[in-house]
Amino acid sequence: MGHIMDEAVLQQLFTEARTHNGWLDKAVSQEQIERLYQLTCMGPTSANCSPARFVFVTSAEGKARLAPTLSKGNLDKTLSAPVTVIVAYDSQFYDALPTLFPHGDAKSWFTSSEALAQETAMRNSSMQAGYMILAARAMGLDTGPLSGFDPQAVDDTFFAGTRWKTNLMINIGYGDRSKLYGRLPRLTFEEACRYE
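In this text, residue positions in the sequence shown follow this note's numbering: the first is 33, and each later residue adds one.
Below is the structure:
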């Protein structure tokens, strides 16, 4: 650790990377998907709780099931993406803590407070989604995260009878740069940050 990445890497991960709305007709392999997860799961979470669960929707049947849950603005770009990842969380993620965090009784922190468990699951699965976006970019893939969908419909369609709950989705593939929107502005340091 401690090595500063060169500018080309920073461009690929941040400054030149874009949210894609259109996709080239180029497949993402199962090996790439599994490597993507292997990288994603190494990102830190609170007490290593790792609440995120991922459904990689790649088949025509899966996309057909997903379609009715999507907002109109997200339909075409999601159906054309080689992979759509439903990023969910396990509402009882803490059951795995004796294995994931053997240093102490972290499970009891969450079994004693449903509100804390829910907040922790949502916060940490969101962080894991961010790790997945960066991992995909590092692998030369493009991403298009989205939240324009009916989460209850996704839960009913994909997670009925389970403890999994939908957080967000990420389209992954090889982006069609001709369908990019212009780069949108960002807040300045002075607008978004302060020192104390």
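Note that CB positions come from ideal geometry on N, CA and C, so glycine has one too.
Just list the residues that DSSP pairs residue i with in beta bridges.
i	result
V186	Partner(s): none; V186 has no beta bridge.
G205	D174
Y121	A84, K197
T116	V89, N203
F191	F191 pairs with nothing; no bridge assigned.
Are residue i and residue j touching if we call contact CB-CB under 8 Å?
i	j	result
L178	N203	yes
T47	V186	no
T194	R97	no
M171	G75	no
T22	A167	Any question about residue 22 goes unanswered here, given that the chain covers just 33 to 228.
S91	L132	no
G180	P114	no
L45	M164	no
V87	N199	no
M201	T116	yes
A84	L129	no
R169	A49	yes
K109	G214	no
Just curious, the beta strand (DSSP E) that residue i is in, first and last residue?
i	result
L178	174-178
L132	That residue, L132, is in no beta strand (DSSP E); its alpha helix (DSSP H) goes 129-132.
Does residue i come out as helix, strand or coil in the three-state DSSP assignment?
i	result
K58	coil
N80	helix
M164	helix
I36	coil
For the alpha helix (DSSP H) holding residue i, just list the boundary residues, first then last.
i	result
F46	Premise fails: F46 is in no alpha helix (DSSP H) and is neither H nor E.
D108	104-112
F142	139-143
F221	221-224
query: Below 8 Å, can you find three or more Cβ-Cβ pairs linking the segment 93-107 to the segment 120-139?
result: no
query: Between the segment 53-73 and the segment 206-214, do at least 3 Cβ pairs fall closer than 8 Å?
result: yes
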